[in-house]
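**Q** As you go down the protein sequences, you meet chains F and L in turn. If you read the first sequence in the UniProt record's numbering, its first letter stands for residue 1, the second for the next number, and so on. If you read the second sequence in the UniProt record's numbering, its first letter stands for residue 1, the second for the next number, and so on. Next up is a structure, given as structure tokens.
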Amino acid sequence: MAKVQVLNVAVLDNPSHFGNPFQFEITFECMEDLPEDLEWKIIYVGSAESEEYDQTLDSVLVGPVPAGRHMFVFQADAPDTHLIPETDAVGVTVVLITCTYRGQEFIRIGYYVNNEYTDPELRENPPLKPDYSQLQRNILASNPRVTRFHINWEGCTEKMEDSENVDPAPNAVVAPPCPAGKAPILGFLPENSMDCL
Amino acid sequence: MKLLKPSWVNHNGKPIFSVDIHPEGSKFATGGQGEDSGKVVIWNMAPVLREEDEKNENIPKMLCQMDNHLACVNCVRWSNNGIYLASGGDDKLVMVWKRAAYIGPSTVFGSSSKLANVEQWRCVTILRNHTGDVMDVAWSPHDVWLASCSVDNTIVIWNARKFPEIVTLLKGHTGLVKGLTWDPVGKYIASQADDRSLKVWRTMDWQLETNITKPFNECGGTTHVLRLSWSPDGQYLVSAHAMNNSGPTAQIIERDGWRTNMDFVGHRKAVTVVKFNPKIFKKKQKNGSSQKPSCPYCCCAVGSKDRSVSVWLTSLKLSHGTLNGLGILVCSMDGTVAFLDFSQDELGDPLNEDEKNSIHQNIYGKSLAITTEAQLSTTIIENPEMLKYQQEKGPVEHHNAADHETQAPKLTSVVNGESLEDIRKNLLKKQVETRTADGRRRITPLCIAQLDTGVNPLGTGAAPAVNSNNIKPNLLLTSAAKIEPMKALDSRFTERSKATPGVTISSSAVGLTMLDRMKDGGPLKDPKPKEETSSDSEDKMAVTKLSFTKRKGEVEGPEVVEKKKKGRPRKDTKMTPVSHAKETSRVAAPSASSVFVEVENEVSTVGGVRFSQLRCTREGREWDTLLTSRILTVAGSSEVIAVACEDRTLSVLSACGRRLLPAILLPAPVSALHCSGSFVMVLTACATLSVWDVKKQVILVRNVSLLTILSGTDTTVSQSLLTQQGVPVISLSNGRSYCFNSSLETWNLIADKQDSLVQCADFRNFLPSQDPMVSSGPLAIMQGRTLNAGRLASRLSSTPHHLQQGMTLAYLENQLASALILRSSQEYRHWLLIYARFLVNEGAEHRLRELCKDLLGPVHKSAGSIWEDTVLGLRKRDLLREVLPVIGQNLRFQRVFTEYQDQLELLRNK
């Protein structure tokens, strides 16, 4: 079962000017302490036609994540208008929030985004070249589309690295080979086994 | 009877595979397929029962839905106390849910239905062990265990009081296990599988009681489930899918002799589900009628693939099935749930719990099998001694129970008085954002509520103590690695001996081989004691008594090193060997005495002849002696002083400097020399080992080669020592330590720092609370970081319990065997008690009995008996007396307790 449950995503500063940053306040709950960070991404879909125009607006690491309920605000800059096909600038598109753990995406939250001119004049007669300064972005916050994926939360075999388990022996005096080449010489050594109290 | 199909109980058209009514009857749970996951829904019962409630929009219908299962949920079951809900699904998981005393309702984020969860149920444990779909789950009476069965052909019995601990694994089915039912008195659990068998297992020892195959021989085809059921009076077990004369039946199996003479017939297709009403009924007494009191009876519903359900009464002789039950919920693959409502007229009066219990007691008496803590109050304690231990244990348990209560899984708001709204306003500004080394943004999320994961308070309670122990050794380690090699070890022996009066005391001296120090070319002086203290704080007392004498006649470091490289450990004289002895007189007034040994090589005398001088100071008295060759190393104990010289001779002197033996010629230059009591151990440069008892003048270890243990080319000896009992121990650079057993003439591995068992074994809970950890015995010294044992255990929380149990068992047995072979009696006793506690806790009766049997020995002496009444000088029966109270802690073992206590008593009176 997923160790992380997204409880809520609140869309802040919405509707907003097209050039304003995206702000999502994300509340999630974690079943147990996560040894690694979560990676969150905001992806802006530039064109419904092709994934080619997807822009990752930003990605952040979130951590450490102990067991419990957490929240944070994920803010990311507005999309680069140069990368959006002009025909797709106005109208409905999608913004995605994804979260991955150990490189595996386990949740994808999608919102419809409606970009339109606030000025009725412009709305009636939109310019051929989109005027981003006049565009308003409206995220359909009430209707998130949530897709959950099953991932391997345990990840790869956890390394048992533990400073305390490092063997102190390597500082042993290396015994030189015995002239006869058979019987190893006994290297003598720091008796550092007083590691017990 | 009324039949109702509440259409609002659905999983959006997806199949529902399981339904279960809460013991209080106020709600019920369904389990099945969700949108792209498994789904568990908890529903309000009231709208099902009453039409007006159904119409009242203020009365919620759905209370909570949980989409956490990754795949279809096959089974949902409420615990008998109604606190927990267990669900098992195709994702191989069993989840245990508990209602969270959390704030307001919440929705499942992004779910299409906007219905808020009225109740908050959260998953408190995920039980991972099955390797296939979990088909059925069942709580034992009194919720002591939770059983789950799976298409992996196994049944797992979980400790419901200590999730995710596994009590046992029932293996034996050769097909998919599709149904489970507990005997209502807890003596058995029955399972039915695709292998055309129904198996009954005993809960006493988790062994197979009976295997019933005959009624299933004809069975063809498979069913999704095979949910069998045990009657609430315990008398009958009714199977799913049996065949009788080519007709599908539900086989009735009588508890008495497991006879299979009766069955429920009538269904046209295979029976998939049988479910007894948990109540026992008795005929309704009609006013005025002079019916004689009738026998209590049970009510059973049988569901089949023919899409029908029949309801039966077991009243008197099972003649004809009639409809009955106070209320039955039926779910179907078509995603609907039906409710069958019966009146008390139809069914009779249900007996209350007390009446039911008295029936159980009349039939079965008090069952031992279910006497876990849950039933302490109702279990008759047969033995007054046992009562004592139980009473001693009582308050602690109670305390734990209280802890548990307060730790009930809930979310506790930790947002220091600030309302969530205030926090949200400033979250963006307040949240901590950093950049990682590679320039990425990293946000520390604000924790708005902590989650109590319901960790066993016993476990957490024990942890800090262990941790604090862990930290120190670690610090010591690092400092030990940096500082000059010191050999403060042997002093531990003497330190320890102080604590064990009655044991012959020895002291030891140390041959220091401070090559590194020599390299520096500097004279050896004062910093030394400091280092020693830092590396061995416990021995401060002893260390302060040490004094060092500068050796005369400095030797250039490089030369020595070079010689060493050539394989000739011609360590020139050094100061040294410090020995301090501690004597514990029989009066138990320990009087410490220090012994200083000073070596001076090349004392020039007349005529150019050179001698080496050994000067020894003990309790203010001094003696000295002269040797003809340069002295390489010296070691001593309270009884003897051994001196190894450059000419390969070894001289053994008494504590007063009297020569005990003519010089012994060693086969090769000495590499290490140890003394302990009257034992002298020599390790030569040719990697051979000898140990003598110079007092008895016998050889214990004869020139044994270390080649056996020095298998790797890079392996070197990092440490050697001789225990008080004369057992030589060699530590290698690869982290392993061996001792040589002179009677078997074998090298025995006693410690391995890479041993994963050490890291995974979790026995912290079994450590004695008051005894200090035995840390100065030879075993502890060689193993060093045993305190770390179990460190990883907590990390491996997902390790299946049976695996960890096995690792712990193996580890403890290793420790016990190692302590035995090292003849370290105190350590043996220490590990024996931990081992016993572990066995008692894990319910390992066979091992426990074997242990007790060996400790007790034969009650009647027989000539052929080879039983020894002592082990390492400890009387076995005394050990048994120490073990008995441990056994007394677990009521399940009261028979074992009584048995051995009686025998001990018998022996004492003899």
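Just so it is clear, CB atoms sit at the ideal spot from N, CA and C, and this is done for glycine as well.
For a test of the three-state rule: what should DSSP assign to L:Cys219, helix, strand or coil?
**A** Three-state DSSP puts L:Cys219 in coil, outside helix and strand.
**Q** When the cut-off is 8 Å and only beta carbons count, does L:Asn129 lie next to chain F?
**A** Not one chain F Cβ lies under 8 Å of L:Asn129.
**Q** If you check the beta carbons only, do F:Asn143 and F:Pro15 fall under 8 Å apart?
**A** The answer is no: Cβ separation not under 8 Å.
**Q** Please name the residues in the region 56-72 of chain F whose beta-carbon is closer than 9 Å to at least one beta-carbon of chain L, in chain order.
**A** From the region 56-72 of chain F, only Asp58, Ser59, Val60, Leu61, Val62, Gly63, Pro64, Val65, Pro66, Ala67, Gly68, Arg69, His70, Met71, Phe72 have a Cβ closer than 9 Å to chain L.
**Q** Select from L:Pro47, L:Val729, L:Leu146, L:Ser637 the residue whose C-alpha is nearest the C-alpha of L:Val597.
**A** Comparing Cα positions, the closest option is L:Ser637.
**Q** Express the C-alpha separation of L:Leu880 and L:Gly321 in angstroms, rounding to a whole number.
**A** Annotation note: pLDDT 30 at L:Gly321 (below 50); position unreliable, coordinate value reported separately. Answer to the nearest angstrom: the Cα atoms are 58 Å apart.
**Q** Along the chain, where does the alpha helix (DSSP H) that runs through L:Asn357 open and close?
**A** Taken as a continuous stretch (DSSP letters only), the alpha helix (DSSP H) holding L:Asn357 covers 353-364.
**Q** Name the one or two DSSP bridge partners that L:Cys72 has.
**A** Answer is none; L:Cys72 lacks a bridge partner.
**Q** Expressed to the nearest angstrom, what Euclidean distance is found between the alpha-carbon atoms of L:Ser231 and L:Lys275?
**A** The alpha-carbon atoms of L:Ser231 and L:Lys275 are separated by roughly 8 Å.
**Q** Measure the alpha-carbon distance for F:Gln5 versus F:Gly68 and round it to whole angstroms.
**A** Straight-line Cα distance between these residues: approximately 10 Å.
**Q** Pairs of beta-carbons, one from the region 232-250 of chain L and one from the region 215-223 of chain L, closer than 8 Å: are there three or more?
**A** Segments in contact, yes.
**Q** Pull the bridge partners of L:Thr125 from the DSSP assignment, please.
**A** Paired residue(s): L:Val96.
**Q** Go through its chain and collect everything with a Cβ distance to L:Asp869's Cβ below 8 Å, but skip five positions before and after it.
**A** So the qualifying residues of the chain are Gly857, Arg875, Lys876, Arg877.
**Q** Please report whether the beta-carbon of L:Ser37 lies at a distance below 8 Å from any beta-carbon of chain F.
**A** Closer than 8 Å to some Cβ of chain F, the Cβ of L:Ser37 qualifies, so yes.
**Q** Over the uninterrupted beta strand (DSSP E) stretch that includes L:Arg442, give me the two end residues.
**A** Element bounds for L:Arg442: 441-444.
**Q** How about L:Thr460: is its C-beta nearer than 8 Å to some C-beta of chain F?
**A** Low per-residue confidence applies at L:Thr460: pLDDT is 32, beneath 50, and the placement is therefore not dependable, though the value from the model is reported in the following sentence. No, its Cβ sits nowhere closer than 8 Å to a Cβ of chain F.
**Q** Within 8 Å (strictly less), CB to CB, does residue 244 of chain F reach chain L?
**A** Absent from the model: residue 244 of chain F. The displayed extent of chain F is 1 to 197, so no value can be given.
**Q** Under 8 Å, Cβ to Cβ, is there at least one residue of chain F near L:Thr372?
**A** Annotation note: pLDDT 42 at L:Thr372 (below 50); position unreliable, no value reported.
**Q** So L:Thr708 contacts chain F; which residues on that side make the cut at Cβ distance below 8 Å?
**A** Per Cβ cutoff of 8 Å: no residues; L:Thr708 is ~12 Å from chain F at best.
**Q** Where does L:Cys298 land, buried or exposed, given buried means 16+ other C-beta within 10 angstroms?
**A** That one is buried.
**Q** In this structure, what does DSSP give as the bridge partners for L:Val9?
**A** DSSP lists no partner for L:Val9.
**Q** Roughly how many whole angstroms lie between the Cα atoms of L:Val167 and L:Val156?
**A** Using only the alpha carbons, I get a separation of about 8 Å.
**Q** Keeping to the same chain, check which residues put their C-beta closer than 6 Å to that of L:Phe339; ignore five residues upstream and five downstream.
**A** Excluding residues within five positions, the ones whose Cβ falls inside 6 Å are Leu4, Val48, Leu329.
**Q** Can you name the residues that DSSP bridges to L:Glu600?
**A** Looking at the DSSP assignment, L:Glu600 forms a beta bridge with L:Gln613.
**Q** Leaving aside the five residues before and after L:Gln719 along the sequence, list all residues of the same chain whose C-beta is less than 7 Å from its C-beta, in chain order.
**A** The residues are Ser731.
**Q** L:Pro778 lies in the beta strand (DSSP E); which residues open and close that run?
**A** It is not in any beta strand (DSSP E) - L:Pro778 instead sits in the alpha helix (DSSP H) that spans 778-783.
**Q** Going along the chain, which residues of its own chain have a beta-carbon closer than 8 Å to the beta-carbon of L:Leu696, five neighbours each way excluded?
**A** Before going further, note that residue 696 of chain L is Lys rather than Leu in the sequence given. Same-chain partners within the cutoff: Ser678.
**Q** Does the Cβ-Cβ distance between L:Leu744 and L:Arg823 come in under 8 Å?
**A** No, the pair does not count as a contact, with Cβ atoms beyond the cut-off.
**Q** Measure the Cβ-Cβ separation of L:Val200 and L:Ala190 and say whether it is below 8 Å.
**A** Their beta carbons are under 8 Å apart, which means L:Val200 touches L:Ala190 by this criterion.
**Q** Relative to chain F, which residues along the UniProt repeat "WD" (66-98) of chain L have a C-beta separation below 9 Å, given in chain order?
**A** Within the UniProt repeat "WD" (66-98) of chain L, the qualifying residues are Asp67, Asn68, His69, Leu70, Ala71, Asp91, Leu93, Met95.
**Q** Can you check whether the C-beta of F:His17 is within less than 8 Å of a C-beta belonging to chain L?
**A** It does not: the Cβ of F:His17 has no partner Cβ on chain L nearer than 8 Å.
**Q** Nearest by alpha-carbon distance to F:Asp33: which of F:Ala78, F:Val113, F:Lys3 is it?
**A** Out of F:Ala78, F:Val113, F:Lys3, F:Lys3 has the C-alpha closest to the C-alpha of F:Asp33.
**Q** For the beta strand (DSSP E) containing F:Phe72, list its first residue and its last residue.
**A** Note, F:Phe72: beta strand (DSSP E), 68-76.
**Q** Would you report the Cα separation of L:Gln754 and L:Gln725, rounded to the nearest angstrom?
**A** If I take the Cα positions, the gap works out to 27 Å.
**Q** Which of the residues in the region 19-32 of chain F, read from start to end, lie with their CB under 9 Å from any CB of chain L?
**A** For the region 19-32 of chain F, which is checked against every Cβ of chain L, the residues closer than 9 Å are Gln23, Glu25, Ile26, Thr27, Phe28, Glu29, Cys30, Met31, Glu32.
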